[in-house]
Every structure is written in structure tokens, then in C-alpha cells.
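One structure below.
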Amino acid sequence: MSQEPPHGPGTTRKLAARRRREIVAVLLFGGGPIFESSIPLSVFGIDRQDAGVPRYRLLVCAGEEGPLRTTGGLELTAPYGLEALSRAGTIVVPAWRSITQPPPSAALDALRRAHEEGARIIGLCTGAFVLAAAGLLDGRPATTHWMYAPTLAKRYPAVHVDPRELFVDDGDILTSAGTAAGIDLCLHVVRTDHGAEAAGALARRLVVPPRRGNGGQERYLDRSLPEEIGTDPLAEVVAWALEHLHEQFDVETLAARAYMSRRTFDRRFRSLTGSAPLQWLITQRVLQAQRLLETSDYSVDEVAGRCGFRSPVALRGHFRRQLGASPAAYRAAYRARTGRPEGGGERASETRADQTSAEPTAHGAAHSVRAERGDKGERGSRGEHADRTDRGARGENGKPESDTYTPRLPSQRGRTPGRAP
């Protein structure tokens, strides 16, 4: 992001004297899934000091009147109520029962009070909706299960939702993606508190990897559909769009494939997803550009062409608006964070394959460059198929936006995505 959150980790509050960092409160509600609820109980509630894991003190708190019935019909009775949150230095909110229902106001007040007193607040999966309802995610990066990310972004526009990450650590506010990603985040908390050795010992006891590999939720997000559209006839059109992002097409093309007028298609798409189809298409193209910048060595011009943007200027404008950085700066920051060297991507693999099948002469190299330029020229000549997603790629003064950007590197406090280094 180009700006620090207004109340981000740079202004993390000092923990109140009556709170203890080693005391972890888990806030439970009725209707919650048992798996997500059990994750923090297993990580923070079992004494594993014999394995070298420092002990936490666990407080299981009811966020509303009990008994609390889980999704499987089990009835739970929490030994503590909301008043016990006043002692906790860390509060975990597992998955919330329904993204369409507001959480109890008393629980939201207790979370706000705890945050004001310096407590670390964690939301697992749809627990992010509870944190957002309390206003704790305003101006901050956050994640949730990829299916619910569009809904979270729509309902709480002040939240910077990133559906690609397994978890996001923003200092005193942390959120995770769905189900198993809650384990990743809880292990990250142990690693932050007590070091990699303690987290590794706990991971061995749980029989899970200490860190999951690169990719975040992308392997699930790449070809996923918004939950609201998954069973609708428009799903086929959306699936086609995701498979053809490398081509230049516009919303009129999608409307035609749905056998609808542009106006009807816009209205139907917005009612299902909460997003205008043009904005959705731009977002998908930017996500594809992110993936290529991270995994390949294509130039920004080539990335623009492979993501269906009409020009690099269009890519830069939309990329900066959604991610707060130019494509080049984003790639540099990503490589600095992950330690990925230059020349290790898809483009480099193609180059090595070419070198094994042809003599590396100067003439051959020149021919290869001319071929690439010819390919780019062919892409650029298809003006009749111009993608409208380049609208708004220039600033208010009509000039292309600057690429100047200072990325937030891992040594700085702030957003820590759930990726393995």
C-alpha cells in the first residue's frame, strides 16, 4: 500500500497492566463450525512444555448467551463470558456463523475495548467479519476465505481485502483464510512470540508443516467463482472469462455470451456479486498480472499483453489503484521479501529450453529479439478488439501515473502475508 494505515502497527498501543500477553481468550458464538473453533483450543490450550513449546493460558469465552450449538449440533458451555476478555493479551475469534448476520453488539464493544488496551486481535476465516463489524479492520489489510472475500470487500469498503493470502499479520490485528489456514496463523503467532524452534516443535506435535509453501490461496482462487454466482447460469460466462484473460475482450463480449443486453447483464451481474462486471474484469486481469510478475520474468509490457490489457499504461494505472504500487516496484518488493533471484521464472525456463535446442550465436539472439518484437507488434495491431479496461489508467491531469513507489520491505513493521520465505 502507498499509505500507512491510520492506526496500523506503527501506533500499536501499549498493553494495559491488567492484561497478560500469555493469556489467550477464544471468543465462541453459537452456530460456529467446530473445526475452526477447535484450532486455537488445540494450539493454545494444551500443555506441551515437554516438547519445548511455551505454555499459554487459555480462556474460552462465550460471546453470547449459551449453551452454544455448533454446526454439527453439539452443545458447548464456555466457562467464561465477555468479562474475561479484560485479562487477555491475545483474543482469537474463530469463524463467525453467518456472513449475513451482525455479531452481538456486546461482543463488538468488548473487542473494541480490548484493542484500545493493546490486545492482539485475531480473526480466523469468517471471524474477519466480526473484526470488520467492530471497525478494527478499517484502513488495514486483511484476508478471509476466498469465497467470502468479495462479500467482505463489498460490505466493508474501508478494509483492504486480499483474497490471495493464507494469513495477514498487521501487527496487532491478524486475519487468516479458511479452515486449515487458521493453523498457519496460530503457528505464526507462536513463532512470533517464542521463535521458530517452538513453532516447529508444535507443528511436529500437530503433524503439520511449520510453514506452507508459496502460493497462498491462489491455487484455489485462480479458477474460482464468487460464491454468489457459483450456481447461476452466469457462472459459465464467468468461467470463460477467467480462462481467456490473456485475450482482449470487453463486457459487451460477456453480455453477448450470456445472450443479454449490456444493461441487463450489468444489472444481473451486480445483483449477484455486488460488483460491476467491468470492475470485476479489471480485478481479475490485475490478479493475473500479479501472478505473472511473481512467477515469470516477462517485462511489464509483455505482462500487460498476456493479461488482456490494451497497453502497459492501462496495466500500470489499474495495478497501482488496486495494489498501491507500480508493477515493477511490486515485483522488486516481492523478490526482496521471498529472496527469489532474477531469471528464475517462466521466461527463464523458456530461454534455457531454447538454448539447449539451438546454437547460442549472436545471429540467433538477434532473430529471437526480432521475433519477440514481432509478437508484441501483432498484439498491439488488434485495435478493433481493444479492451475497455484501460479506461481510467491515467491520472486526473491526463498524464500517465508515476511509477515512483517505495515498497514496504520485510524489515519494516507492517503487512506480513502468509507465505513461506
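Numbering-wise, the sequence shown is residues 18 to 438 according to my numbering. For glycine and all other residues, C-beta sits at the position ideal for the given N, C-alpha and C.
Query: Classify R323 as helix, strand or coil using the three-state DSSP reduction.; Result: helix
Query: Between the segment 88-106 and the segment 32-45, are three or more C-beta pairs nearer than 8 Å?; Result: yes
Query: Suppose only complete runs of 4+ residues qualify. What are the alpha helix (DSSP H) ranges in the segment 26-65, listed by chain order?; Result: 51-61
Query: Which residues in the same chain as R352 place their Cβ atom closer than 7 Å to its Cβ, once the five residues preceding and following it in sequence are excluded?; Result: none
Query: Helix, strand or coil: how does DSSP classify D186 here?; Result: strand
Query: Identify whether R72 lies in helix, strand or coil by the three-state DSSP scheme.; Result: coil
Query: Quick check on this structure: which residue in T355, H335, L93 and S343 has the alpha carbon closest to the alpha carbon of T312?; Result: T355
Query: Keeping to the same chain, check which residues put their C-beta closer than 7 Å to that of I116; ignore five residues upstream and five downstream.; Result: T143, F146, Y165 and T168
Query: For the beta strand (DSSP E) containing G106, list its first residue and its last residue.; Result: A105 to V110
Query: Which residue spans inside the segment 258-306 form an unbroken alpha helix (DSSP H) run of at least 4?; Result: 268-274 and 279-290
Query: Sort out for me which residues DSSP pairs C78 with in a bridge.; Result: L44 and Y97
Query: Taking 8 Å as the CB-CB limit, is G212 close to chain B?; Result: This model lacks chain B altogether, as it is built from one protein chain only.
Query: Applying the 10 Å Cβ sphere with the 16-neighbour rule, what's the burial state of A150?; Result: buried
Query: Distance, Cα to Cα, R287 vs H211?; Result: 46 Å
Query: Pick helix, strand or coil for A159, following the three-state DSSP scheme.; Result: strand
Query: My output table needs one value for I116: the three-state DSSP class, helix, strand or coil.; Result: coil
Query: So L141 packs on S193, CB below 8 Å; how close in whole Å?; Result: 5 Å
Query: Output the distance between the C-alpha atoms of R284 and L295, rounded to the nearest integer angstrom.; Result: 12 Å
Query: Assuming A258 contacts L298 under a Cβ cut-off of 8 Å, what Cβ separation, rounded to an integer in Å, is found between them?; Result: 7 Å
Query: Report the partner residues of R86 according to the DSSP bridge assignment.; Result: E92
Query: From the DSSP secondary-structure annotation, give me the bridge partner or partners of T143.; Result: In DSSP, T143 forms no bridge with anything.
Query: Can you tell me the Cα-Cα spacing of P226 and A218, whole angstroms?; Result: 10 Å
Query: At a cut of 8 Å, does the segment 336-346 reach the segment 298-309 through at least three beta carbon pairs?; Result: yes
Query: For the alpha helix (DSSP H) containing V176, name the first residue and the last one.; Result: Element bounds for V176: n/a, residue is neither H nor E.
Query: Which residues in the same chain have their Cβ closer than 6 Å to the Cβ of T107, if we skip the five residues on either side of it in sequence?; Result: V41 and R137
Query: Using alpha carbons as the reference points, say which of L202, L251 and P250 lies closest to R228.; Result: L202
Query: Using the Cα positions of E214 and G48, report the straight-line distance between them to the nearest angstrom.; Result: 36 Å
Query: How many Å lie between R172 and Q265 at the Cα?; Result: 31 Å
Query: Name the residue from S278, L262 and K31 whose alpha carbon lies nearest to the alpha carbon of G135.; Result: K31
Query: How big is the Cα-Cα spacing for L76 and G195?; Result: 23 Å
Query: Enumerate in chain order the residues of its own chain whose CB-to-CB distance from D189 is below 8 Å, with the five nearest sequence positions on each side excluded.; Result: P26, T29, R30, H132, G135, A136, R137 and I138
Query: For R348, report the span of its alpha helix (DSSP H) as first-last.; Result: P344 to T355
Query: Relative to the C-alpha of D67, which candidate in R221, E82 and F46 has its C-alpha closest?; Result: R221
Query: Starting from the N-terminal side, write out each stretch of the beta strand (DSSP E) that is 3 residues or longer and does not extend beyond the segment 183-225.; Result: 184-186 and 190-193
Query: Mind checking who R137 pairs with in its DSSP beta bridge?; Result: T107
Query: Please state the DSSP three-state secondary structure of A166.; Result: helix
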